[in-house]
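Residues in the sequence shown are numbered from 1060 upward in steps of one, following this note's numbering.
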Amino acid sequence: MIDRRTLLAMAAAACASPLFGRAEEDRAGLVDPFIGTDGTGHTFPGPSRPFGMIQPGPDNAASGWDFTSGYQYRAPRILGFSQNRASGTGIPELGDVLLQPGIERREDLSSTYAKASEVARPGYYAVTLADNGVRVELTSTLRSAFHRYRFARGGRVWLLVDLQHGLTFRTDRQPVQSVGNSFSANAFEGEAVRQNWTSRHVAWSVQFDQAIAAVETLPPRAGDAAPRYLLGFDLGADAVLQARIGLSTTDRDGARRNRDERGGWDFDAVAAESRSEWNTLLGRVRIEAQEEQQHIFATALYHLFLHPSVVSDVDGRWRGPDGSVRQAAKGLRYSTLSLWDSFRAANPLYTLLVPERVDDFVNTLLDHCDAAGRLPKWPIWGGETGTMIGEPALPVIADAWAKGFRGFDGRRALAAMVATSTRDAGPLYPGDDSLSVWSLHDRYGYYPFDLVRGEAVSRSLEAGIGDAATARMAAMLGKPAMARRFATRAGGWRMLIDPETRLARGRDSKGQWRAPFDPLVPTSPLNNPGDYTEANAWQYTWTPALHDVYGLIAAWGGKAGLKAMLDRFFFGLPATKGAEFLGQEAMIGQYAHGNEPSHHIAWLYAFTDTPEVGHRLVARIAHDFYRDSPAGILGNEDAGQMSAWYVFAALGFYPVDPSSGTYVAAVPLVDRATIAVPGHHALVIERRGAGDRLKALRLQGHAVPPTRMPHGALAAGGRLVFET
């Protein structure tokens, strides 16, 4: 083992590197990647380029809900460093090709580490492995990982290569279906098929800057189907070993090209390039605020821009959900699309902050439909997981078209939307029940709880979101009959509003209401199956507002009825205790900010005569549930959705109806913000006055409707003034 003085010296040297100084205009220096890594945020501290294919980082465990990104801030040991993961999801996946260096030959090279030695910045991560005598540094390009190991001494050192390792929740079965690997003088390459959250093909190509002196195949452990190796390297006095790793969904050639997309062995230059890229992107939005809020806001932007992840190789090839390799005609293709979460705020925010990527996002969805016969729900690494309910790709496409994006074929998009909205979905795995079964839905106008296996109310309400999006797309493309057809079906939510409780309540195939009925009991298919998805009746009843807010208001008797329901929801009902795993986290009354069905509800006060109540609630949510600390995100980050909510709140508006191309105003949480996207006029946002009620909203001196702010006007730039 390395002595403590050497460990501290190595850590201090790394922390003192110019890489970590923050100049006044260094926006990346405001980011803390540790925010959200402690608790249920499930983020990770390792490096990534914006929307990168690769996210190398430390894995503390291979399975378990706490380790869906591989990392938990308080975990005391590091198993090694795998090359890819997802940020803030509720299910673990990826975690391919785990490497772990050490100065001693041991089969188990897991190690303790001192938190003081751990450093994370955009584009860079480092930690000193106390038991292994090595300082590990990580950076990345768009499609490759770069490792640098500084050992305590030269001579023979060792590196564990674990191809069995992966982040998995299916501990009941063997995830590796097939595997192959081969070595050369200073590299190894291989590929595998793995089955966990999805079935996927992964190829790798790993090259070292030193020759491999020894290859030892470790004996397989019980249940192993992929090999583990110990590689020996003979180092000189500098005691440094570097590795470049490329991954691909296609084959070894793709992984090798991805590995070499930049080339060279200048680790510091790659890390500096990554930081520069992050600085440029993060600089698109600037706020005037205290340093703590600057950290929270910049980190939210950083998390927002981690996903979706590029999945196409350097040459444009990628493997789709049908297992075939496809070629992108132009642009990039993406995966890690947490659509059930991101359609609500993250995707609308991309249209404002990274408009140059939106057409490729949509073309990715359409290519997926070509391969699978329907639009995706939750794809990762190019494969479909089938996770969650509804058809959340539909509002993403309609919103892009409504906002003027024309880099995709509108007729092709509408055809994909109609196919997804009319063809029954088939199960991807045994017990895959959260499906759009339109033949059943069309027979009753909703999903009867006695004919489906759970989530009947949530599935019915989410179907309306997609139907409204399809109707809008049809109308924009001049298909009025088709628009009326889907708009009518989108109104089916009214059949589930119980006149006695005024809540969305399950009905059976005979039209009878669910009895007994407790609107405060949350349900989830993986825990206690019922009519709702990670929520209860009170939380899901607000879903129609995502596409028909005025219809919901009318169902409750007008503005006064809406206010009465909102007041009771936030202030008249107790918070649920001890059910965080059912989405009951970060609560105000029955509002649960830790899960997405609640995210739009506070903004609905804008449609009442007391909008200031909603403004105060938005400020309270942002203050109480987002913090400048590792425990600073309460609830799964969900690939950018939680962060998108905060960014919108700080700017003072939110896409309550996320396929409409409009926003709803509150009061900004900062005095001034500037959005400056290259090629577009800057939008300057100002808050005037210290009040908590919006008095007037003006863009370039012209009044803007606060419940229907047009995206096109904001994207055109100018000065947006909130007078309180």
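In this text, a Cβ means the ideal position worked out from N, Cα and C, and glycines have one as well.
It is roughly 38 Å from the alpha-carbon of Tyr1705 to the alpha-carbon of Ser1264. Under the 8 Å Cβ criterion, the stretch 1346-1363 counts as touching the stretch 1088-1098, having at least three qualifying pairs. Beta-bridge annotation (DSSP): Gly1616 is not paired with any residue. Taken through DSSP and simplified to helix, strand or coil, Asp1372 comes out as coil. Within the stretch 1109-1177, the complete beta strand (DSSP E) segments of 3 residues or longer fall at 1116-1118, 1139-1141, 1157-1161, listed in chain order. In this chain, Thr1187 is not harboured by any alpha helix (DSSP H); it is covered by the beta strand (DSSP E) spanning 1183-1188. DSSP places Thr1198 within a strand segment (E or B) once states are collapsed to three. Judged by DSSP secondary structure, Trp1263 falls within the beta strand (DSSP E) whose first and last residues are 1258-1267. In the structure shown, Gly1100 adopts coil according to DSSP, grouped into three states. Using a Cβ-Cβ distance cut-off of 8 Å, the stretch 1431-1446 and the stretch 1396-1412 are in contact, since at least three pairs of beta carbons, one from each stretch, lie closer than that value. Per DSSP, reduced to three states, the secondary structure at Gln1352 is helical. Look at Ala1273 here: in three-state DSSP terms it is strand. Selection Val1195, His1206, Thr1309 evaluated against Gln1386 yields Thr1309 as nearest (Cα-Cα).
Burial is judged here by how many other beta carbons sit within 10 angstroms of a residue's own beta carbon; Glu1250 has at least 16 and is buried.
A Cβ-Cβ distance of about 18 Å is found for the pair Gly1098 and Gly1105, leaving them out of contact under the 8 Å criterion.
Contiguous alpha helix (DSSP H) elements confined to the stretch 1576-1635 occur at 1596-1599, 1604-1614, 1618-1626, taking only those with 4 or more residues. Contact between His1206 and Phe1110 is absent: CB atoms are separated by about 21 Å, not below the 8 Å threshold. In this model, Glu1696 and Tyr1393 are separated by some 19 Å (Cα to Cα).
Of the other Cβ atoms in all chains shown, fewer than 16 fall within 10 Å of the Cβ of Val1274; this residue is therefore exposed. The way I'd put it, the stretch 1120-1131 does touch the stretch 1211-1229; three or more beta-carbon pairs between them come closer than 8 Å.
Of the candidates Leu1412, Ser1493, Asp1683, Leu1412 places its Cα closest to the Cα of Ala1775. Residue Ile1439 holds the alpha-carbon nearest to the alpha-carbon of Arg1378 among Val1516, Val1496, Asp1419, Ile1439. In terms of Cβ geometry, Gly1648 and Phe1630 form a close pair [threshold 8 Å]. Listed in chain order, the non-local C-beta contacts of Asn1338 below 7 Å within the same chain comprise Asp1085, Arg1086, Ala1087, local neighbours out to five positions each way being set aside.
Arg1747 carries a strand assignment under DSSP once its states are collapsed to helix, strand and coil.
Counting along the chain, Thr1547 sits inside the alpha helix (DSSP H) bounded by residues 1539-1549.
Burial is judged here by how many other beta carbons sit within 10 angstroms of a residue's own beta carbon; Leu1585 has fewer than 16 and is exposed.
Pairing Asp1567 with Val1516 gives a Cβ-Cβ distance that is not under 8 Å.
By the CB criterion at 8 Å, Ala1185 and Phe1093 fall outside the cutoff. Cβ neighbours of Gly1129 within its own chain (closer than 8 Å, five residues either side excluded): Phe1103, Gly1116, Pro1117, Asp1118, Asn1119, Ala1120, Ala1121, Ser1141, Arg1144, Pro1151, Gly1154, Leu1226. Sequence-distant partners of Met1554 (beyond 5 residues in either direction) whose C-beta falls short of 6 Å from its own C-beta, in its chain, are Gly1504, Tyr1505. Boundaries of the beta strand (DSSP E) harbouring Ala1755: 1755-1758, taken from the DSSP string. The Cβ-Cβ distance between Gln1269 and Phe1292 falls below 8 Å. Of all C-beta pairs linking the stretch 1612-1624 to the stretch 1537-1545, fewer than three are shorter than 8 Å, placing the two stretches out of contact. With contacts defined by Cβ atoms closer than 8 Å, Leu1693 and Ile1744 do not form a contacting pair. In this structure, the CA atom of Ser1243 is about 60 Å from the CA atom of Asp1509.
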